[in-house]
Amino acid sequence: MKRFLILSGFLLVALQISAQTLQSPNGRLTMQFQLSPEGIPTYQLKFDNKVVILNSHLGIILNDQPTFDRDLTIIGLGNFENDESWQPVWGEEKVIRNHYRELAVTLQQVALPKRQMIIRFRLFNDGLGFRYEFPHQPQLLHFIVADENTEFRLAGDHKTFWIPGDYESNEYYYFTTPLSKIDAKIGHEITEIFVRSLYSPDAVQTPLMMKADNGLYINIHEANLYDFPAMQLIVDKPNLRLSAHLVPDAVGNKAYLQTPATTPWRTIIVSDKATDMLASRLILNLNDPTPITDASWIKPQKYVGIWWEMHVGMSSWNYADSFNLRLVGTNWNNLKPNGKHGATTERTMHYIDFAAEHGFDGVLVEGWNIGWEDWFGAWKEEVFDFVTPYPDFDVNYLSSYAARKGVKLIMHHETSSSVTNYERRLDTAFRFMKHYGYDAVKTGYVGWIIPRGEHHDGQWMVRHFHRVAEKAADYQIMVNMHESHRPTGQHRTWPNWLANEAARGNEFNGWSKGNPPDHETILPFTRLMGGPMDYTPGIFQVKLDYYQPDKKEQVHTTLAKQLALYVTMYSPLQMAADLPENYERFMDAFQFIKEVAVDWDESRYIEAEPGQYITIARKAKNKDHWFIGAITSEKSRVANIPLDFLDKGQAYVATVYADSPTAHYLKNPMGYIINQYIVNNMTVLKIFLAESGGCAISLSKANGKMLKTIKKYR
Numbered sequence: 007m008k009r010f011l012i013l014s015g016f017l018l019v020a021l022q023i024s025a026q027t028l029q030s031p032n033g034r035l036t037m038q039f040q041l042s043p044e045g046i047p048t049y050q051l052k053f054d055n056k057v058v059i060l061n062s063h064l065g066i067i068l069n070d071q072p073t074f075d076r077d078l079t080i081i082g083l084g085n086f087e088n089d090e091s092w093q094p095v096w097g098e099e100k101v102i103r104n105h106y107r108e109l110a111v112t113l114q115q116v117a118l119p120k121r122q123m124i125i126r127f128r129l130f131n132d133g134l135g136f137r138y139e140f141p142h143q144p145q146l147l148h149f150i151v152a153d154e155n156t157e158f159r160l161a162g163d164h165k166t167f168w169i170p171g172d173y174e175s176n177e178y179y180y181f182t183t184p185l186s187k188i189d190a191k192i193g194h195e196i197t198e199i200f201v202r203s204l205y206s207p208d209a210v211q212t213p214l215m216m217k218a219d220n221g222l223y224i225n226i227h228e229a230n231l232y233d234f235p236a237m238q239l240i241v242d243k244p245n246l247r248l249s250a251h252l253v254p255d256a257v258g259n260k261a262y263l264q265t266p267a268t269t270p271w272r273t274i275i276v277s278d279k280a281t282d283m284l285a286s287r288l289i290l291n292l293n294d295p296t297p298i299t300d301a302s303w304i305k306p307q308k309y310v311g312i313w314w315e316m317h318v319g320m321s322s323w324n325y326a327d328s329f330n331l332r333l334v335g336t337n338w339n340n341l342k343p344n345g346k347h348g349a350t351t352e353r354t355m356h357y358i359d360f361a362a363e364h365g366f367d368g369v370l371v372e373g374w375n376i377g378w379e380d381w382f383g384a385w386k387e388e389v390f391d392f393v394t395p396y397p398d399f400d401v402n403y404l405s406s407y408a409a410r411k412g413v414k415l416i417m418h419h420e421t422s423s424s425v426t427n428y429e430r431r432l433d434t435a436f437r438f439m440k441h442y443g444y445d446a447v448k449t450g451y452v453g454w455i456i457p458r459g460e461h462h463d464g465q466w467m468v469r470h471f472h473r474v475a476e477k478a479a480d481y482q483i484m485v486n487m488h489e490s491h492r493p494t495g496q497h498r499t500w501p502n503w504l505a506n507e508a509a510r511g512n513e514f515n516g517w518s519k520g521n522p523p524d525h526e527t528i529l530p531f532t533r534l535m536g537g538p539m540d541y542t543p544g545i546f547q548v549k550l551d552y553y554q555p556d557k558k559e560q561v562h563t564t565l566a567k568q569l570a571l572y573v574t575m576y577s578p579l580q581m582a583a584d585l586p587e588n589y590e591r592f593m594d595a596f597q598f599i600k601e602v603a604v605d606w607d608e609s610r611y612i613e614a615e616p617g618q619y620i621t622i623a624r625k626a627k628n629k630d631h632w633f634i635g636a637i638t639s640e641k642s643r644v645a646n647i648p649l650d651f652l653d654k655g656q657a658y659v660a661t662v663y664a665d666s667p668t669a670h671y672l673k674n675p676m677g678y679i680i681n682q683y684i685v686n687n688m689t690v691l692k693i694f695l696a697e698s699g700g701c702a703i704s705l706s707k708a709n710g711k712m713l714k715t716i717k718k719y720r
């Protein structure tokens, strides 16, 4: 259902001073747009008459030209309503509704009366999106964006979940403070992040999650980031105001555009229920439909891989310990192996065998290719060629071996952030993959960007990440990008872009201070609002002194919480990240990882509070099989899980993987119990979650024999 309304010119004089009001389809959200007497565009937003955003400025500032943030006049208004549904290639539900009301305001500069900009607002039931558009116009063809004058003036000193503003890295753990207490200087103390570019003590990154004293939950982010730098936020603490800050390029400019051009959507998701925030699809709906006409080759999957053993020090990415090598002319067969190289033919075969035995789709192998000895910490142009294996990795034999076992090898391309080198070699690398049967790649960008002076989150790199996704689609290759900009719903357009890292993942538990107990209860409200994350859950050997007696690091969760993350941390690409040898010690718990789906027909958000707890139920794609994950922070609690989403009159077997009564993420992290119960849609499960604990539940329909042998839940 689509409806249009265009206002004619004779009304426009009155409209300069009157507010234009837009209501969400359900009437709970109200947005008002108005020009100030100085010709400054402003907006405000309310939810059930509660202020979300106070009157705030809008606009774009150009280099060396009259700006689009003041001295403007309205020359056109358009209203539009859209109500349609669409089916994602994969996702958290089978069908997504896209229902919004739109206001498009065409503005013209007073100084140059033929130069125009459109601000387009879309108001959904769960929030607001708006962007700036520059139509094709002879008076404005090429231009440089110097800054963006978008503000978010808040109505209170909200509880805020934040990480420091940084042009290079999103890999910080979250801080929880009032907005007025944000101090991003603390980012300098997180020294385990290799490449950092902290630029202001008042800067934070999006998605930014807040909770107001009046019970409103507010999330600020962006959607459809494509040909523009990522948006971060500057906090004006005395005035409780957030201002957009665009990541600059090597010479200090923000964006280079040519009309017609659009910015990304600026998004404000709001609700009085935390669970509604997790259920929002606003950001996805603001992205473009996919141009891929046949997506049958895109397959959500679970994988294992040669990865965690490097993080815990058992093996290495590099084959030798020699340094100052050259990519061209090095005789790698003459180098002395260090004896710790992980990506050997024999070790890879072991992972392939394990994957085949337990039904996993793929095996990731990191450190298979030459170059690892001579790059870390160096700002070097040519490090990797992405096609030459180490002498102890027989790519031809392993590809054939994996194919016989029905398992796909997953390629790894660490670029060392020498992006110009990667782009030159990309076609060759993808042809190599297709020749050897690889149809998925994990990319990495550890290091300072080349071209030198560019940033991970600047316009040049944003375009690069999209170029890789588009090029991969040409070769029918799926992509998992690490050290990329945080996602903004682009997986709707490029569903072969399965996942990103772009946050502090599980690997930090292997060699640093690690991730605090509340980390996984915050990420779904922040980083995951824009898209799925390759968090790499499933670590069973939580205490890492198992590998080295003097190793003090550990994963700051219980084993049961690691299982629950497969449901609460949504991704169509999930890794069973621990070593096969560790899973063989806990095969009863490993059964949940084997069973849990990665693609869903339906998701139910049962209970949630950012920084405290999350409980989610999901129904597997095209199956009568539900899975539930419940997690908590450092505070133990009892999860209350009503099963009213189950089919009426149908009995189910609930297999519950839970913390043992004595479990504790520090004292007894690997204590778990497994029970089975007969349940139905009237059942309310009450499950104990230990400190930083969790539970994972598998629900399948019961047959007659099960009803006789399995006890009912009481």
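708 is the number that the numbering used here gives to position 702 of the sequence shown; each next residue is one higher, with no gaps. Backbone N, C-alpha and C define an ideal beta-carbon position, used for all residues, glycine too.
Thr183 has Thr166 as its beta-bridge partners, per DSSP. Positions of the alpha helix (DSSP H) runs, each at least 4 residues long and wholly inside the region 408-466, are given as 425-441 in order along the chain.
For Lys673, no beta strand (DSSP E) segment is defined, and its DSSP state is neither H nor E. One alpha carbon belongs to Tyr572, the other to Ile612, and they sit about 16 Å apart. The straight-line gap separating the alpha-carbon atoms of Glu460 and Met467 is approximately 8 Å. Between the C-alpha atoms of Ser423 and Asn506 there is a straight-line separation of about 16 Å. The beta carbons of Asp172 and Gln122 sit about 35 Å from each other, so the pair does not count as a contact at 8 Å.
Thr715 and Tyr428 have their C-alpha atoms spaced approximately 59 Å apart.
In this model, Arg437 and Thr269 are separated by some 34 Å (Cα to Cα).
Scanning its chain for C-beta atoms nearer than 6 Å, with the 5 sequence neighbours on each side dropped, one finds around Asp400 the residues Thr351, in chain order. Excluding five sequence positions before and after Arg610, the CB atoms of its chain that fall closer than 6 Å to its own CB belong to Ala623, Phe651, given in chain order.
Within its own chain, the residues whose Cβ lies closer than 7 Å to the Cβ of Asp189, once the five positions on either side in sequence are excluded, are Pro207, listed in chain order. Short of 6 Å from the beta carbon of Tyr444, and not among the five residues preceding or following it, lie these beta carbons of its own chain, in chain order: Leu415, Met417.
Relative to the Cα of Arg202, the nearest Cα in the group His497, Gln482, Gly544, Val452 belongs to Val452. Counted as a single uninterrupted DSSP element, the stretch harbouring Ile124 is not any alpha helix (DSSP H) but the beta strand (DSSP E) occupying residues 122-130. Ranked by how close their Cα comes to the Cα of Ile196, the residues Met688, Val548, Asn521 have Asn521 in first place. If one requires a minimum length of 3 residues, the beta strand (DSSP E) runs lying completely within the region 612-675 are 619-626, 631-638, 643-648, 658-665, in chain order. The three-state reading of DSSP puts Thr112 in strand, counting E and B together. Counting only runs of 3+ residues, the beta strand (DSSP E) found wholly inside the region 200-283 occupies 209-211, 214-217, 223-229, 237-242, 247-252, 261-264, 271-277, in chain order. The C-beta distance from Gly536 to Pro213 rounds to 6 Å, short enough to meet the 8 Å contact threshold.
In the assembly as shown, Ala570 is a buried residue. Its beta-carbon has 16 or more other beta-carbons within 10 Å. Shown here, Ala505 sits in a strand according to DSSP, grouped into three states.
For Ile483 against Ala508, the beta-carbon gap comes to about 20 Å, at or over 8 Å, which does not count as contact. For the options Tyr481, Arg473, His462, the alpha carbon positioned closest to that of Glu489 is the one of His462.
Look at the beta carbons and you see the region 86-94 not touching the region 129-148: under three pairs across the two are nearer than 8 Å. Inter-residue distance for Ile680 and Leu713 is about 18 Å (C-alpha atoms, whole angstroms). The alpha-carbon separation between Thr354 and Gly516 amounts to approximately 21 Å.
Distance between Thr73 and Pro266, taken at the CA atoms: about 17 Å.
With respect to the 8 Å criterion, Arg128 and Leu292 are classified as neighbours on the basis of their beta carbons. Taking 3 residues as the shortest admissible run, the region 283-350 contains the following complete beta strand (DSSP E) segments, listed from N- to C-terminal end: 307-312.
Secondary structure of Thr574 (DSSP, three-state): helix. By the Cβ-count criterion, His441 is exposed, with fewer than 16 other Cβ atoms from all chains shown falling within 10 Å of its own Cβ. Around the beta carbon of Tyr403, fewer than 16 other beta carbons sit within 10 angstroms, so the residue counts as exposed.
Secondary structure note for Asn588: its alpha helix (DSSP H) is the uninterrupted segment 586-589. Here DSSP, grouped into helix, strand and coil, assigns Pro141 to coil. Taking the Cα positions, His525 is about 11 Å away from Arg533.
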